[in-house]
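The working numbering applies: residue 458 is where the sequence shown begins, and numbers increase by one.
Positions of the beta carbon are idealized from the N, C-alpha and C atoms, including for glycine.
These notes are about the structure you will find just below.
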Amino acid sequence: MDTKNLPVGVFDSGVGGLTVAKEIMKQLPKEKIIYFGDTARVPYGNKSRETVIAYSRQIVGFLLAKGVKAIVVACNTASAFALEAIAGDVPVPIIGVVKPGARTASKTTKNGRIGIIGTEGTINSGIYTEYLSELDPGISVFGKACPLFVPLAEEGWLDDPITVDVIRRYITPMLEKDIDTLVLGCTHYPLLAESIRKVAGDNVNLVNPALETALELARILREKDLLSDGSDVPHHRFYVSDGAEKFRSFANSILPCEIIETRDVNVKVFGQP
Ligand code: DGL
Numbered sequence: 458m459d460t461k462n463l464p465v466g467v468f469d470s471g472v473g474g475l476t477v478a479k480e481i482m483k484q485l486p487k488e489k490i491i492y493f494g495d496t497a498r499v500p501y502g503n504k505s506r507e508t509v510i511a512y513s514r515q516i517v518g519f520l521l522a523k524g525v526k527a528i529v530v531a532c533n534t535a536s537a538f539a540l541e542a543i544a545g546d547v548p549v550p551i552i553g554v555v556k557p558g559a560r561t562a563s564k565t566t567k568n569g570r571i572g573i574i575g576t577e578g579t580i581n582s583g584i585y586t587e588y589l590s591e592l593d594p595g596i597s598v599f600g601k602a603c604p605l606f607v608p609l610a611e612e613g614w615l616d617d618p619i620t621v622d623v624i625r626r627y628i629t630p631m632l633e634k635d636i637d638t639l640v641l642g643c644t645h646y647p648l649l650a651e652s653i654r655k656v657a658g659d660n661v662n663l664v665n666p667a668l669e670t671a672l673e674l675a676r677i678l679r680e681k682d683l684l685s686d687g688s689d690v691p692h693h694r695f696y697v698s699d700g701a702e703k704f705r706s707f708a709n710s711i712l713p714c715e716i717i718e719t720r721d722v723n724v725k726v727f728g729q730p
């Protein structure tokens, strides 16, 4: 098959990366996606850098074995901890979600006060603060780890009163800092966007890095002459490390296409890319 028509690999610790896959489907409707959700090992957010790097290497190895032409790390935690460590060993273009998210936030803020919510790993890595101050040293960044958000999203409690209470508890101190922009710095969080909006109010812009990530993917594929020519039906494939059926029904509730099949795979057998 022509390299152009090979699929794009997308991965996350679970369902969160579907928010990025959805945006790629919208912006690049001719591309085929191979998605991997590491549902057996979610969450990544409270794991060490070394563990997240090891898991990411296995998944990248799996995606490369499936013949992908590019990889999107649709997980902020893996983008923060593993992207730089593994990118040099990966023979295809690989991008993460943090740089696109930081870029969007810096363009969105008017008062230079930005809140970042994410996993403990992402927030403690300081990566958003680093990129944002490179983009504009005058920006003030307020980070908050929200470890309960991922289990709530994985459970599908997207608009539940309990979810709204948990959100309020995490983000109220940040809202008191007069932020005008809030980055959803974990790919699971856009699933909770309606509930986050209820707490944050209409004066705070919510930034979902997915759009800018999909646009960056489009730019890179175009530059490298890797955009699909559309001669093939975009047939997406989904793999998880556990609970394929639960994943499939959740994915069907948020994606624009129907997923017929999701397969369980053991990624541990895939080592170094
Ligand atoms: N969705 C991921 C992220 O963007 C991982 C969340 C988790 O597994 O803790 O950080």
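For this session: Could you tell me if residue 710 is buried or exposed, where buried requires 16 or more neighbouring beta carbons within 10 angstroms of its beta carbon?
Result: exposed
For this session: Could you have a look at residue 566 and say whether DSSP puts it in helix, strand or coil?
Result: coil
For this session: Select from 714, 571, 572 and 688 the residue whose C-alpha is nearest the C-alpha of residue 482.
Result: 714
Problem set entry | Heavy atom of ligand 1 within 7 Å of residue 644 beta-carbon | yes
For this session: Put residue 712 into one of helix, strand or coil per three-state DSSP.
Result: coil
Problem set entry | Three-state secondary structure assigned by DSSP to residue 601 | strand
Problem set entry | residue 552 versus residue 517: straight-line alpha-carbon distance, rounded | 12 Å
Problem set entry | Alpha-carbon spacing of residue 605 relative to residue 620, whole angstroms | 9 Å
Exercise. From residue 726 to residue 464, what does the alpha carbon distance come to, in whole angstroms?
Worked result: 21 Å
For this session: Check whether the Cβ atoms of residue 494 and residue 579 lie closer than 8 Å to each other.
Result: no
For this session: Whole angstroms is fine: what's the gap from residue 477's alpha carbon to residue 672's?
Result: 11 Å
For this session: State yes or no: is the C-beta of residue 557 within less than 8 Å of the C-beta of residue 666?
Result: yes
Problem set entry | Cα-Cα separation between residue 640 and residue 683, rounded to whole angstroms | 30 Å
For this session: Could you tell me which uninterrupted alpha helix (DSSP H) segments, each at least 4 residues in length, are contained entirely in the stretch 622–705, listed from first to last along the chain?
Result: 650–657 and 667–680
For this session: Enumerate in chain order the residues of its own chain whose CB-to-CB distance from residue 730 is below 8 Å, with the five nearest sequence positions on each side excluded.
Result: For residue 730, the predicted model reports a pLDDT of 46, less than 50, meaning its position is unreliable; a value from the coordinates is still stated below. Result list for residue 730: 514, 517, 518, 521, 543, 546, 547 and 548, in chain order.
Exercise. Does the separation of the CB atoms of residue 468 and residue 531 fall below 8 Å?
Worked result: yes
Problem set entry | Residue closest to residue 678, alpha-carbon to alpha-carbon, out of 503, 550, 644 and 459 | 550
Exercise. Any idea if residue 533 is buried or exposed, counting beta-carbon neighbours within 10 angstroms, 16 or more meaning buried?
Worked result: buried
Exercise. Per DSSP, residue 519 is paired with what?
Worked result: Note: residue 519 sits in no beta bridge, so no partner.
For this session: Take the Cβ of residue 717 as the centre, count every other Cβ of all protein chains shown within 10 Å, and call the residue buried at 16 or more, exposed below.
Result: exposed
For this session: Could you check the C-alpha separation between residue 596 and residue 471 for me, to the nearest Å?
Result: 32 Å
Exercise. What residue from 498, 485, 502 and 525 has the CA that sits closest to residue 491's CA?
Worked result: 525
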